[in-house]
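Protein chains in written order, with this note's numbering: chain A, 1 to 632; chain B, 1 to 259.
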């Protein structure tokens with residue numbers, strides 16, 4: 001068994017040059033020369049742009065998906081092949097180019113303005129921070145965003161220092177964070193696997209994670225917090241293998257990153273606490289068993305510091321965090337266990353969508369391939385565990401969280417958490433895969449196949465499959481107006497109605513559907529209600545009789561004076577399924593037209609703004625039971 | 001010492017210029033990078049020490065990426081500190097705060113790691129610069145491929161609060177028709193009023209000429225009003241004011257008539 005690409009625990013820290021053993025000394029093939037790689041990337045980007053044009057015009061989804069992947073593979077395959085040569089300098093530039101290529105599809109999706117649900121929330125938060133000069137502004141799209149000012153604060157700082165627009169400033173921050181994530185993986189893998197080639201390969205594998213191309217590149221707090229998360233681990237790993245000033249400085253910088261992470265995103269902080277707790281426990285256990293230090297103190301300080309900062313933040317700044325997060329955990333576990341006995345609960349994985357069958361097939365195949373790689377790694381490592389540092393093993397083991405998380409996709413509440421876990425768990429997968437690839441490359445060549453081509457085929461399958469496992473079609477592709485999507489239901493009409501209402505009435509409280517709400521909050525700064533079982537604001541349009549007296553009294557007391565209706569909700573069912581969130585009584589159905597027509601007859605609603613599709617009603621529930629003099 | 005002074009001076013100059021009305025291009029490409037990357041470079045030297053000629057290249061990835069990481073951390077730390085001390089998060093606060101942190105890091109790096117060494121081999125940046133230009137051009141080209149989407153629509157709104165009226169008196173309902181994406185039709189729209197479902201003859205209709213709009217993104221607007229006799233019976237009345245022939249272009253009002 002070959003173990004030369006991984007270190008015995010007693011090896012000196014950060015000895016360079018082990019990459020040489022895995023470096024391909026042949027000159028790069030013509031198609032992986034830098035001019036060819038950059039040229040292919042540029043052409044690939046243009047082809048991706050063409051796929052978005054085709055998507056915006058509608059038409060056969062197979063064509064736009066095919067063109068998209070033609071462009072992406074044209075761009076990504078040559079640079080990946082170049083990285084795989086093991087040349088240290090080429091690997092650095094290659095990872096940078098891969099970072100660009102995994103950022104560009106989302107950037108081209110909506111280059112000039114927010115389009116994703118969370119983007120509206122963070123963009124509005126940044127606008128409000130800039131206009132008021134203070135952090136912690138209330139946010140009615142994602143209320144918890146108020147307590148995590150990392151994204152809005154950074155955006156505000158960049159906007160003030162550069163003079164760019166708020167959106168461009170946010171993109172600059174996100175792009176920087178995106179690149180930092182990949183280079184953190186490079187450093188982490190280089191430190192843990194003691195090979196520069198391993199660093200670049202791990203970055204390539206990490207770039208395949210299902211959240212990398214669309215989810216973590218959206219303008220939201222995850223994308224920034226993940227960068228801090230990765231660097232905490234990278235700097236912690238460096239500190240654990242260093243001594244003197246280097247150890248102190250790396251640890252101090254890691255703790256600063258902890259502060260950045262905690263102030264930016266709750267869920268990333270939670271994953272960080274869990275992972276650092278696991279690493280610290282395993283390292284401490286190894287120390288107890290075999291009396292080898294392996295940086296135990298560093299990991300304990302990092303874990304303790306993270307817990308301290310996170311607890312202090314939640315207790316003194318972000319108190320609603322626990323209330324916000326608890327439904328995702330309790331609810332998803334409940335739904336997942338319920339699915340064992342019922343067939344109709346939960347979501348249908350790979351439900352009917354424009355996604356072509358071949359991409360869905362690769363989506364199903366991808367976890368299998370990753371699973372086989374992990375299984376091979378387990379078999380390779382099982383007899384030499386004691387030769388490996390405990391923190392490396394802990395990080396690799398963390399990658400196995402990916403597999404149960406795939407199951408949580410089946411539960412509606414768990415899907416969000418599962419999607420968010422991939423950016424973290426794939427770090428472990430990246431370490432495992434980089435180890436296996438290097439190990440495989442060191443074996444004697446097999447006569448009847450080219451290993452490079454097999455690896456490239458696996459790369460393509462996992463890339464296509466994982467992107468398919470990420471966000472849905474309307475999030476990935478632009479398109480004609482489609483009611484019931486966060487992205488393609490956005491209209492200039494809703495935007496200008498929001499601005500007009502804000503101009504005439506101020507930042508008033510409004511009842512509206514979940515899609516129009518994004519526009520009203522983002523562009524009008526309006527305060528939109530979040531319907532729930534306890535506050536079923538959807539009764540205004542989703543029931544034939546309108547609101548109950550109790551709900552009317554609650555809305556009046558809470559100051560909800562306006563209702564905004566998009567009449568397209570009566571033309572077709574929502575793409576997502578509901579118009580007012582999970583408590584909507586008409587899930588899967590279009591709102592009956594009569595429900596909307598009734599609003600023009602009731603005494604408590606006055607239509608004060610109207611366009612072809614949108615109507616704004618001023619509500620006066622004091623007139624709930626008032627007789628209409630004219631008998632209308 | 002001279003090199004450290006040059007770094008410190010560049011930070012001070014960047015702070016001062018950031019407070020002046022300097023063009024966005026200069027701020028984005030020069031002032032902002034100077035402010036945050038000098039801080040980042042100094043922090044990297046604190047962690048890794050100053051690189052010496054002939055030194056190994058094991059930390060090259062860190063030397064390139066740590067400054068960028070710190071460039072992300074410093075502005076975040078500054079805005080959080082501004083919030084803690086109740087200082088407005090605005091240009092002076094952020095620029096001076098970031099500059100102060102950068103100067104602290106420059107000083108600390110000088111004490112701990114000695115004077116900085118300047119990067120060598122500028123010729124090696126030519127290739128990446130060309131790549132950036134090529135890829136930037138490709139991204140711009142790809143973005144330009146999207147067909148421009150212009151939504152043309154009009155918006156009718158009630159220009160004042162919901163009216164109240166004395167029975168039998170004349171009620172005036174002002175309205176505004178705003179055009180988006182394309183100009184409003186030239187001819188004055190027909191304005192109709194229905195009270196309790198019965199069409200009434202307006203006392204007066206004004207539909208001023210189309211003029212420029214103050215609304216964001218609007219092409220033009222037409223302001224007008226319609227006056228009609230309020231019902232004689234006190235109570236709440238259904239009043240519909242239609243502007244033009246489009247079925248959607250109707251304001252549905254609840255007119256409260258008092259005796």
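Backbone N, C-alpha and C fix where the C-beta goes; we use that ideal spot for every residue, glycine too.
- With respect to the 8 Å criterion, residue 115(B) and residue 3(B) are classified as neighbours on the basis of their beta carbons.
- Judged by DSSP secondary structure, residue 179(B) falls within the beta strand (DSSP E) whose first and last residues are 170-180.
- In the DSSP assignment, residue 619(A) falls within the unbroken beta strand (DSSP E) covering 614-619.
- Closest in C-alpha terms to residue 140(B), from the list 261(A), 515(A), 516(A) and 45(A), comes 45(A).
- Per DSSP, residue 103(A) is not a residue of any beta strand (DSSP E); the alpha helix (DSSP H) it occupies stretches across 88-109.
- Taken in chain order, the unbroken stretches of alpha helix (DSSP H) that lie wholly in the region 78-138 of chain B and span 4 residues or more are 91-113.
- At a cut-off of 3 residues, the continuous stretches assigned as beta strand (DSSP E) that sit fully inside the region 177-208 of chain B are 191-195, 198-200 and 204-207.
- Contact note: residue 515(A) does not reach chain B at a C-beta cutoff of 7 Å; the least C-beta distance is about 16 Å.
- In this structure, DSSP gives residue 468(A) a helical state, which the three-state scheme calls helix.
- Comparing alpha carbon positions, the residue from 517(A), 240(A), 321(A) and 320(A) closest to residue 283(A) is 240(A).
- In terms of Cβ geometry, residue 116(A) and residue 566(A) do not form a close pair [threshold 8 Å].
- Residue 178(A) sits in a helix when the DSSP states are folded into three classes.
- For residue 151(B), the residues of chain A that pass the 8 Å Cβ criterion are 491, 492 and 493, in the order they occur in the chain.
- For residue 355(A), there is no enclosing beta strand (DSSP E), as DSSP marks it with neither H nor E.
- Any Cβ of chain B closer than 8 Å to the Cβ of residue 114(A) would place that residue at the interface, and such an atom is absent.
- Using beta-carbon distances, residue 248(B) counts as an interface residue toward chain A, with a partner under 8 Å.
- Taking each of 162(B), 185(B) and 209(B) in turn and checking the Cα distance to residue 239(B), the smallest one comes out for 162(B).
- In this structure, residue 36(B) lies away from residue 125(B), with their beta-carbon atoms at least 8 Å apart.
- Residue contact with chain A for residue 254(B): present (Cβ-Cβ distance below 8 Å to some residue of chain A).
- Between residue 82(A) and residue 75(A), the C-beta spacing is not below 8 Å.
- Within chain B, the residues whose beta carbon sits less than 8 Å from that of residue 257(A) are 69 and 73, listed in sequence order.
- Beta-bridge partners of residue 606(A) (DSSP): 618(A).
- The C-beta distance from residue 108(A) to residue 52(A) rounds to 6 Å, short enough to meet the 8 Å contact threshold.
- For the region 212-239 of chain B, residues whose beta-carbon sits nearer than 8 Å to a beta-carbon of chain A comprise 215, 216, 217, 218, 231, 233, 234, 235, 236, 237 and 238.
- Judged by beta-carbon spacing, residue 578(A) lies beyond the 8 Å limit of residue 604(A), meaning their Cβ atoms are not closer than that value.
- Residue pairing from DSSP places residue 153(B) in a beta bridge opposite 180(B).
- Checking the DSSP bridge columns, you'll see residue 250(B) partnered with 242(B).
- Residue environment: residue 382(A) is assigned as exposed (fewer than 16 neighbouring CB atoms within 10 Å of its CB, all protein chains considered).
- For the options 97(A), 301(A), 30(A) and 325(A), the alpha carbon positioned closest to that of residue 133(B) is the one of 97(A).
- Counting other Cβ atoms within 10 Å of its Cβ, residue 106(A) reaches 16 or more and is therefore classed as buried.
- Considering only beta carbons, the part of the region 177-211 of chain B lying closer than 9 Å to chain A consists of 178, 180, 181, 195, 196, 197 and 198, in chain order.
- Burial of residue 74(B) is indicated by the presence of at least 16 other C-beta atoms within 10 angstroms of its C-beta.
- Put simply, the CB of residue 99(B) is far from chain A, with every gap to its CB atoms at 8 Å or more.
- In this structure residue 171(B) touches residue 230(B) by the C-beta definition: roughly 5 Å separates them, less than 8 Å.
- Contact between residue 438(A) and residue 195(A) holds, with the beta-carbon distance rounding to 6 Å and staying under 8 Å.
- The beta carbon of residue 169(A) is closer than 6 Å to those of 155, 158 and 159 in its chain, skipping five residues each way along the sequence.
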